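Colleague: Reminder that position 72 of the sequence shown reads as 72 in the UniProt record's numbering, one-by-one numbering, no gaps. For glycine and all other residues, C-beta sits at the position ideal for the given N, C-alpha and C. All figures in this text were calculated on a predicted structure; none of them were measured in a lab.
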Amino acid sequence: MAGYRKLGRTSSQRKALLRNQVTNLLYRGRITTTVTKAKEIRKIAEHLITLAVREKDNFETVTVTQKVPKKTADGRRVKETVDGKKVTVYEEITKTIKKDKPSRLHARRQMLKVFYPVTEAPADGVKMRTQSKKVDMAAKMFDEIAPKYENRKGGYTRIIKVGPRKGDGAEVAIIELV
Numbered sequence: 001m002a003g004y005r006k007l008g009r010t011s012s013q014r015k016a017l018l019r020n021q022v023t024n025l026l027y028r029g030r031i032t033t034t035v036t037k038a039k040e041i042r043k044i045a046e047h048l049i050t051l052a053v054r055e056k057d058n059f060e061t062v063t064v065t066q067k068v069p070k071k072t073a074d075g076r077r078v079k080e081t082v083d084g085k086k087v088t089v090y091e092e093i094t095k096t097i098k099k100d101k102p103s104r105l106h107a108r109r110q111m112l113k114v115f116y117p118v119t120e121a122p123a124d125g126v127k128m129r130t131q132s133k134k135v136d137m138a139a140k141m142f143d144e145i146a147p148k149y150e151n152r153k154g155g156y157t158r159i160i161k162v163g164p165r166k167g168d169g170a171e172v173a174i175i176e177l178v
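(1) Between Thr157, Lys166 and Arg165, which lies nearest to Lys43 when the distance is taken from Cα to Cα?
(2) What number of angstroms, rounded off, separates the C-alpha of Val162 from the C-alpha of Ala173?
(3) Tell me whether Phe115 sits in a helix, a strand or coil according to DSSP, three-state version.
(4) Which whole-angstrom value is the C-beta distance of residue 188 and Leu48, which I expect to be below 8 Å?
(5) Just the Cα atoms here: how many angstroms apart are Val135 and Lys79?
(6) For Val53, does the count of other Cβ atoms within 10 angstroms reach 16, so buried, or fall short, so exposed?
(7) Work out the CA separation of Gly75 and Lys86 for me, nearest whole Å.
(8) Taking C-beta to C-beta, are Val22 and Ala45 nearer than 9 Å?
(9) Would you say Thr32 and Ala170 are within 9 Å of each other, going by their C-beta atoms?
(10) Secondary structure at Lys134, three-state DSSP: helix, strand or coil?
(11) With 16 other CB atoms within 10 Å as the buried threshold, where does Ala139 fall?
(12) With DSSP as the reference, please indicate the residues paired to Lys85 in a beta bridge.
What follows is the structure in structure tokens.
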């Protein structure tokens with residue numbers, strides 16, 4: 001007997017399907033799928049949430065200085081002439097960033113092995129290319145999802161059976177974050 005469900009797919013197809021569904025579950029909070037897929041998704045999602053809860057406060061804040069090109073009002077770089085060459089003008093800014101400690105960095109990398117890239121589209125659907133932005137799912141796990149479950153010992157997801165699907169009669173379920 002295998003330790004996991006094969007879902008009638010090759011290993012690469014199965015891995016891609018589960019990665020996609022886990023990413024969507026943790027991004028949206030709830031998805032609809034078959035009961036057997038939901039049970040496999042639950043294993044992976046609960047492991048990732050446990051990683052996030054365990055390492056959520058394991059960082060230090062560091063102040064860094066950074067050279068950034070100076071820009072005009074319309075977004076172009078400011079250039080000045082030095083020795084007959086046009087050179088970009090830079091200014092130094094200071095930022096406070098979170099620097100992961102080694103165990104949190106390892107947890108982040110374990111999460112990134114599972115997550116697919118998520119791009120958030122604008123609500124109105126206009127200017128899709130310019131206004132869409134990438135979502136850092138690992139940061140979302142540490143900053144939004146982990147604090148919600150820090151006092152919970154497990155059981156971060158819930159599977160609700162809906163009934164048979166009309167087309168093929170497969171048992172459908174909703175899996176959601178508690």
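Modeller: Looking at the atomic coordinates:
(1) Within the sequence shown, residue 43 is the residue found at index 43, counting from 1. Among Thr157, Lys166 and Arg165, the Cα nearest to that of Lys43 is on Thr157.
(2) Mapped onto the sequence shown, residue 162 falls at position 162. Mapped onto the sequence shown, residue 173 falls at position 173. C-alpha separation (whole angstroms): 5 Å.
(3) What you label residue 115 is simply residue 115 of the sequence shown in a count that begins at 1. Three-state DSSP puts Phe115 in coil, outside helix and strand.
(4) For residue 188 there is no data in the structure shown, the boundaries of the chain being 1 and 178.
(5) Position 135 of the sequence shown, counting from 1, holds the residue named residue 135. Position 79 of the sequence shown, counting from 1, holds the residue named residue 79. One C-alpha to the other measures close to 33 Å.
(6) Counting from one through the sequence shown, the residue named residue 53 turns up at place 53. Val53 comes out buried.
(7) Reading the sequence shown from its first residue, position 86 is the one you call residue 86. Reading the sequence shown from its first residue, position 75 is the one you call residue 75. Rounded to whole angstroms, Lys86 to Gly75 spans 18 Å at the Cα level.
(8) Working through the sequence shown from its first residue, we reach residue 22 at position 22. Working through the sequence shown from its first residue, we reach residue 45 at position 45. Taking 9 Å as the Cβ cut-off, Val22 and Ala45 qualify as a contacting pair.
(9) Here residue 32 refers to the residue found at position 32 of the sequence shown. Here residue 170 refers to the residue found at position 170 of the sequence shown. Not closer than 9 Å, so no.
(10) As a working mapping, residue 134 is identified with position 134 in the sequence shown. Residue state, collapsed to three classes: strand.
(11) Translated into positions along the sequence shown, residue 139 becomes position 139. Ala139 should be labelled exposed.
(12) Numbered from 1 along the sequence shown, position 85 holds the residue referred to as residue 85. DSSP lists Val82 as the bridge partner or partners of Lys85.
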